[in-house]
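Participant: For reference, the structure I am asking about is given below.
Residue numbers (UniProt numbering): 1 to 281.
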């Protein structure tokens with residue numbers, strides 16, 4: 001900590017507190033727990049192994065973000081204002097631990113392998129540069145986009161549904177999938193692109209996609225092996241039998257199939273990996 005220059009005098013200048021919020025996956029230390037106005041304060045950043053500093057900020061008592069000067073060796077400096085300062089830092093994975101840029105996909109997560117598979121294959125991306133959102137649901141528009149990506153995004157014309165706007169990011173994917181009879185709507189010109197896809201809808205979509213690709217779709221499983229197998233919608237029974245029989249879908253806890261439940265992004269990643277390894281082989 002470098003004190004400000006100045007002459008003598010008997011006035012005592014009270015220091016202001018420097019608070020460093022606790023961060024996950026790394027530490028930040030200040031050169032002093034408090035400093036007087038005009039002092040140069042040094043912050044030392046130390047990420048945990050496998051992580052890097054994504055962002056760091058220092059904010060004064062009025063909520064103003066202070067200017068930070070980056071130095072070598074993971075150090076930053078700022079000039080102490082006339083108020084207390086709060087320092088916050090965010091650390092993100094550098095990819096060495098999981099091979100992925102997502103902070104919410106960890107080494108011990110059951111879906112790590114599946115997320116890595118679909119990410120490296122270009123089937124699914126994160127919801128942000130450093131977030132996959134494994135427990136979030138996947139929408140109907142998203143699954144159309146995934147399959148469209150698998151087909152290298154062929155050119156498509158026309159619009160199949162009234163609720164799929166021409167400029168929507170999923171428009172080409174949905175219109176392509178509809179033209180190949182891979183996806184269907186609710187009727188009345190509606191597709192519901194922003195609706196969360198259910199497990200039975202996912203099964204039906206993949207069955208139609210497998211048929212479009214010319215894969216063997218003859219295998220069937222027994223839905224009665226699940227406590228709620230009979231709750232499968234009539235239109236989806238064949239699709240769910242196929243998905244269970246091929247190992248694309250398995251039950252959740254307590255032998256529950258949950259056919260009408262929504263599918264999480266992690267589950268969809270696993271289903272897609274299963275599809276590529278067991279069906280599209």
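Backbone N, C-alpha and C define an ideal beta-carbon position, used for all residues, glycine too.
1) Counting along the chain, where does the alpha helix (DSSP H) carrying residue 205 start and finish?
2) If you follow the beta strand (DSSP E) that residue 26 is part of, which residue opens it and which one closes it?
3) Which two residues bound the contiguous beta strand (DSSP E) that contains residue 18?
4) Please classify residue 280: is it buried, with 16 or more other beta-carbons within 10 angstroms of its beta-carbon, or exposed?
5) Could you round the C-beta distance between residue 61 and residue 83 to whole angstroms and report it? I think they count as a contact, below 8 Å.
6) Assuming residue 237 is part of the alpha helix (DSSP H), what are its boundary residues?
7) Between the Cα of residue 261 and those of 102, 184, 229, 213, spot the shortest distance and give me the residue it belongs to.
8) Take the Cβ of residue 118 as the centre, count every other Cβ of all protein chains shown within 10 Å, and call the residue buried at 16 or more, exposed below.
9) For residue 120, name the three-state secondary structure that DSSP assigns.
10) Does residue 138 come out as helix, strand or coil in the three-state DSSP assignment?
11) Report buried or exposed for residue 242, applying the criterion of at least 16 other Cβ atoms within 10 angstroms of its Cβ.
12) On a Cα-Cα basis, can you pick out the residue from 136, 71, 67 that is closest to residue 81?
13) Can you tell me which residues form a DSSP beta bridge with residue 53?
14) Take every Cβ of the stretch 242-254, pair it with every Cβ of the stretch 207-222, and state whether three or more of those distances are shorter than 8 Å.
15) Is residue 265 helix, strand or coil when you go by DSSP?
16) Would you identify the three-state DSSP class for residue 159, choosing helix, strand or coil?
17) How about residue 91 and residue 134: are their beta carbons less than 8 Å apart?
18) How long is the line joining the alpha carbons of residue 34 and residue 165, rounded to whole angstroms?
19) By the three-class DSSP mapping on this structure, what secondary structure does residue 76 have?
20) Suppose contacts are defined by Cβ-Cβ distances below 8 Å. Is residue 141 in contact with residue 194 by that definition?
Facilitator: Walking through what the data contain:
1) As a working mapping, residue 205 is identified with position 205 in the chain shown. Unbroken alpha helix (DSSP H) run through residue 205: 199-213.
2) Counting from one through the chain shown, the residue named residue 26 turns up at place 26. Note, residue 26: beta strand (DSSP E), 26-30.
3) Within the chain shown, residue 18 is the residue found at index 18, counting from 1. Run containing residue 18: 16-20, per the beta strand (DSSP E) assignment.
4) Taking the chain shown and counting its residues from 1, one reaches residue 280 at position 280. Result: exposed.
5) As a first step, residue 61 must be located in the chain shown, where it is residue number 61. As a first step, residue 83 must be located in the chain shown, where it is residue number 83. Indeed they touch by this definition, with Cβ atoms about 3 Å apart.
6) By one-based count along the chain shown, residue 237 stands at place 237. Here the alpha helix (DSSP H) through residue 237 covers 237-245.
7) Indexing the chain shown from 1 puts residue 261 at position 261. When only C-alpha atoms are compared, the closest one is 229.
8) Within the chain shown, numbered from 1, the residue matching residue 118 stands at position 118. It counts as buried.
9) For the purposes of this step, residue 120 is taken as the residue at position 120 of the chain shown. Note: residue 120 maps to helix in three-state DSSP.
10) As a working mapping, residue 138 is identified with position 138 in the chain shown. DSSP places residue 138 in coil when its eight states are reduced to three.
11) Numbered from its first residue, the chain shown carries residue 242 at position 242. It counts as buried.
12) For this step, residue 81 is matched to residue 81 along the chain shown. That would be 67, whose Cα lies nearest to the Cα of residue 81.
13) Indexing the chain shown from 1 puts residue 53 at position 53. The partner list for residue 53 (beta bridge, DSSP) reads 91.
14) yes
15) Here residue 265 refers to the residue found at position 265 of the chain shown. Reduced to three states, the DSSP call for residue 265 is helix.
16) Numbered from 1 along the chain shown, position 159 holds the residue referred to as residue 159. Three-state result, residue 159: coil.
17) Against the chain shown, residue 91 aligns to sequence position 91. Against the chain shown, residue 134 aligns to sequence position 134. Not in contact: residue 91 and residue 134 (Cβ atoms no closer than 8 Å).
18) To locate residue 34, count along the chain shown from 1; it is residue 34. To locate residue 165, count along the chain shown from 1; it is residue 165. Looking at the two C-alpha atoms, the distance is approximately 56 Å.
19) Stepping through the chain shown from its first residue, residue 76 is reached at position 76. Strand, per DSSP.
20) Indexing the chain shown from 1 puts residue 141 at position 141. Indexing the chain shown from 1 puts residue 194 at position 194. A contact, by the Cβ cut-off of 8 Å.
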